[in-house]
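**Q**
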Amino acid sequence: MSVSLAKYVLLSAGVLTAAFGFPAARASSWLGVMKSDDGKRARVTAVVNTDTVQLRFGEPANCTIDANFLDVENGTSVYRFHVSQNGGAFCDRLYPGELMVTPSSTDSLHMSFRRQLVPWWGVLERGAER
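Residues in the sequence shown are numbered from 39 upward in steps of one, following my numbering.
In structure tokens:
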């Protein structure tokens, strides 16, 4: 992928990376519902910083997990999950998986990941800037 396309993808997702020569930006917040292919749902808030995403899941998951930027693949930013810091079986089982983030528009992001081989996905809307 060309550097200019990678810059576009990162800018569209609200992720400004110093590696591409952009200054650090304020964190942006994204809100929505993640759904699984087997019918489960969880509210999520995603806080996107320069090269990280933090996902905060509501009930019944009730946990937080961080992910670091890894790569851009076909217009999608790929992040690698860290070990969950506050525990919770839902987040514990995400590690060492990957989070995929694709801008849908300037005000929405499509996110997806797998948890125990079950795909989860959702469209998150832009929240308040931090």
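Don't be surprised by glycine CBs; every beta carbon is placed ideally from N, CA and C.
On the CB-based measure, 16 or more other CB atoms within 10 Å of its CB, does Gly-59 come out buried or exposed?
**A** Legend: pLDDT at Gly-59 = 36, less than 50; position of this residue unreliable, value from coordinates given subsequently. It counts as exposed.
**Q** Take the Cβ of Leu-132 as the centre, count every other Cβ of all protein chains shown within 10 Å, and call the residue buried at 16 or more, exposed below.
**A** When all chains shown are included, Leu-132 counts as buried.
**Q** From what residue to what residue does the alpha helix (DSSP H) around Ala-127 run?
**A** Counting along the chain, the alpha helix (DSSP H) containing Ala-127 begins and ends at 127-130.
**Q** Smallest Cα separation from Ser-66: which of Thr-102, Arg-81, Thr-144?
**A** Comparing Cα positions, the closest option is Thr-144.
**Q** Is the segment 97-106 touching the segment 117-136, taking contact as three or more C-beta pairs under 8 Å?
**A** The segment 97-106, when compared against the segment 117-136, does touch it at the 8 Å Cβ threshold.
**Q** By the DSSP assignment, the beta strand (DSSP E) with Asn-106 in it spans what residues?
**A** Run containing Asn-106: 101-111, per the beta strand (DSSP E) assignment.
**Q** Is DSSP giving Pro-134 helix, strand or coil here?
**A** Pro-134: coil per DSSP, three-state reduction.
**Q** On the CB-based measure, 16 or more other CB atoms within 10 Å of its CB, does Pro-141 come out buried or exposed?
**A** When all chains shown are included, Pro-141 counts as buried.
**Q** Start and end of the beta strand (DSSP E) containing Arg-81?
**A** Start and end: 79-86.
**Q** Quick one: using the 10 Å Cβ neighbour count with 16 as the cut-off for buried, is Leu-93 buried or exposed?
**A** The residue is buried, with at least 16 neighbouring Cβ atoms inside 10 Å.
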